[in-house]
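Below is one structure; the comments refer to it alone.
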Amino acid sequence: MELLKVEHVTMQFGGLKAINNLNMSIEKGEIHGLLGPNGSGKTTCFNVISGVYQPTEGDVLLEGKKINGNQKYEINQLGIARTFQHISLFSTMNVLENVIIGQHCRTKAGIFSAMLRTRSDREEEKRVVERAYELLDFVGLTHRAGELACNLPYGEQRLLEIVRALASQPKLIMLDEASAGMNSVEKDNLIRIIRAISAEGITILMIEHDMKLAMSLSDQITVLDHGAKIAEGLPQAIQTNQKVIEAYLGKGGVARAKHAASEKS
3 MELLKVEHVT MQFGGLKAIN NLNMSIEKGE IHGLLGPNGS GKTTCFNVIS
53 GVYQPTEGDV LLEGKKINGN QKYEINQLGI ARTFQHISLF STMNVLENVI
103 IGQHCRTKAG IFSAMLRTRS DREEEKRVVE RAYELLDFVG LTHRAGELAC
153 NLPYGEQRLL EIVRALASQP KLIMLDEASA GMNSVEKDNL IRIIRAISAE
203 GITILMIEHD MKLAMSLSDQ ITVLDHGAKI AEGLPQAIQT NQKVIEAYLG
253 KGGVARAKHA ASEKS
């Protein structure tokens, strides 16, 4: 069943089309990789889906309902959460507070009940804190709960961003370069976490430069180049797609690679 559909979306900045007539669909429960060389339009696509940008043309549909035109917080409430290519935590807050803030769109307490400290407000606060600890335990960060987010090692900051996104109870979580800057041990842990998120029934759309990681995790892959879709399909088919190879290596690079392979043989 289709969860998200990007329908004839173009995103234009002046004379530059960062996305050009993009069509993409993501099924419920799948891990969908969004790949392409630098400048291909991947993060712009994320920004359109999450409401940072309003598309110049086309629509974004979540469960068949148009969501472009909504504010970012409204799209989050509808069930889409994301991480960012450049870490975007509340660095002067501690780890637990970052996760609690991630639940804000699902809490009910208003300003007056919060000021009066009503019983329902206290009960909700307790549930929010308990849920935050559950999520931190999910990624192995419980022991960091009281530490400032800015003091965490880089790999753990990446995990905290994922936890904060999960705190909003998303139907779809979008991971923008989640493995960037991670060592091999951290990447193995990330793979375990992404698979565990998927096992919970949460759909995942991920931008990833680590091709091995992307190919091992993705059920389907869409590849962009210069804002246009050049390939879509199973990882095995994407790996051997000539347009994809040329997009990453260039035609000259492909020729050199073939020449080197022939010399070895």
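Note that this note's numbering gives residue 159 to position 157 of the sequence shown, counting from 1, and the numbers run on in steps of one. Built from N, CA and C at the ideal position, the CB exists for glycine as well. These numbers were taken from a predicted model, which means no experiment stands behind them.
At a cut-off of 3 residues, the continuous stretches assigned as beta strand (DSSP E) that sit fully inside the stretch 44 to 116 are 59 to 64, 82 to 84. Judged by beta-carbon spacing, V225 lies within the 9 Å limit of L37, meaning their Cβ atoms are closer than that value. Nearest in C-alpha terms to D139, of all of E125, I89, L168, is L168. Assigned with DSSP and collapsed to three states, Q222 falls in strand. Less than 9 Å divides the Cβ of T85 from the Cβ of A180.
Under the three-state reduction of DSSP, V131 is assigned to helix.
Between K30 and E9, the gap from beta carbon to beta carbon reaches 9 Å or more. Nearest neighbour of L174 by Cα position, chosen from I77, K19, G43, turns out to be I77.
For S186, the three-state secondary structure derived from DSSP is helix. Annotation for T144: Y135, L138 place their beta carbon closer than 7 Å to its own, counting only its chain and skipping 5 residues before and after. According to the DSSP secondary-structure assignment, M213 is paired through a beta bridge with no residue. In summary, A198 is exposed, with fewer than 16 beta-carbon neighbours lying within 10 Å of its beta-carbon over all protein chains present. One Cα belongs to M213, the other to I206, and the distance between them is close to 16 Å. In the three-state scheme derived from DSSP, where H, G and I count as helix and E and B as strand, I204 is classed as coil. For G157, the uninterrupted alpha helix (DSSP H) run begins and ends at 156 to 168, by DSSP.
A Cβ-Cβ distance of about 7 Å is found for the pair S52 and M176, placing them in contact under the 8 Å criterion.
CA-CA distance, Y250 to G229, rounds to 14 Å. Note that the stretch 55 to 67 does not touch the stretch 184 to 194; fewer than 3 beta-carbon pairs, one per stretch, sit closer than 8 Å.
Under DSSP, the beta-bridge partners assigned to E9 are D61. Per DSSP, reduced to three states, the secondary structure at N191 is helical. Cβ-Cβ distances below 7 Å link E32 to T205, D221, Q222 in the same chain, with the five nearest sequence neighbours on each side left out; the list follows chain order. Taking G60 as the centre and dropping the five residues before and after it, the same chain places the C-beta of E9, H10, V11, T12 closer than 7 Å to its C-beta, in chain order.
Taking 9 Å as the cut-off, the beta carbon of L64 is found no closer than this to the beta carbon of I89.
Assigned with DSSP and collapsed to three states, Q238 falls in helix.
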